[in-house]
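Using the working numbering, read the sequence shown as starting at 1 and increasing by one per residue. Cβ atoms here follow ideal geometry from the backbone N, Cα and C, with glycine treated the same way. This one's a predicted model, so the numbers in the text were calculated from it and none came from an experiment.
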Amino acid sequence: MNIERAVGEMLADRGEYVATAESCTGGLIGSLLTDIPGASDYFDRSIVTYSYDAKLEDLGVPREILDAEGAVSEPVAEQMARGVRDHAGVTWGVATTGIAGPEGGSEGKPVGTVYIGVARAADWGTGDSWWSVERYVFDGSRTEIKRQIAVQALEDLKTAAASEPR
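As structure tokens, then:
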């Protein structure tokens, strides 16, 4: 079973929805999720926020974080995941921000660097909402890197959802 089907079945079985905020993947995660019939049972939306302004306007990523950290950073991935989760009003938010190449990398952030954020909304008043961000570095062409990032984001979501009680 491919990852998009596994994630879809898991979320549908739990009655949970996901929304994605995608920068470097340009909507690929949403595309993968909607390749599976019945995606409306677990997928809410995908917002492509490629520019700084889009991250600020559509997701509420603070200007100060973008200025201080740059778009490809852990704090931005966190804010993107939390922002899309809360904007959509869903259980899960997933975000990607990275450098797909072939240019744009640096010594500290080479081409293929990505931060993937996952955020979960718990019931109000429980204090159980949370987020996590992981950093990865992938190799390959721009298209290959984007695909690897999208698949890893779904793997991260699946792992996170599996760790949560229903």
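Please confirm whether residue i and residue j have their CB atoms less than 8 Å apart.
{"i": "ILE65", "j": "VAL48", "result": "no"}
{"i": "ILE36", "j": "VAL151", "result": "no"}
{"i": "GLY112", "j": "GLY101", "result": "yes"}
{"i": "ALA39", "j": "GLY8", "result": "yes"}
{"i": "ASP44", "j": "ALA19", "result": "yes"}
{"i": "ILE149", "j": "THR25", "result": "yes"}
Is residue i helix, strand or coil by DSSP?
{"i": "ARG5", "result": "helix"}
{"i": "ALA100", "result": "coil"}
{"i": "GLY83", "result": "helix"}
{"i": "ALA95", "result": "strand"}
{"i": "ILE29", "result": "helix"}
{"i": "VAL76", "result": "helix"}
Tell me the DSSP bridge mates of residue i?
{"i": "SER46", "result": "THR20"}
{"i": "ILE116", "result": "THR96 and GLU134"}
Does the Cβ of residue i have 16 or more other Cβ atoms within 10 Å, making it buried, or fewer, making it exposed?
{"i": "MET80", "result": "buried"}
{"i": "ARG73", "result": "Note on identity: in this sequence residue 73 is Ser, with Arg being the wrong assignment. It is buried - the Cβ of SER73 has at least 16 other Cβ atoms within 10 Å."}
Mind listing, in chain order, the continuous beta strand (DSSP E) runs of no fewer than 3 residues lying wholly within the segment 118-152?
The qualifying runs are 130-137.
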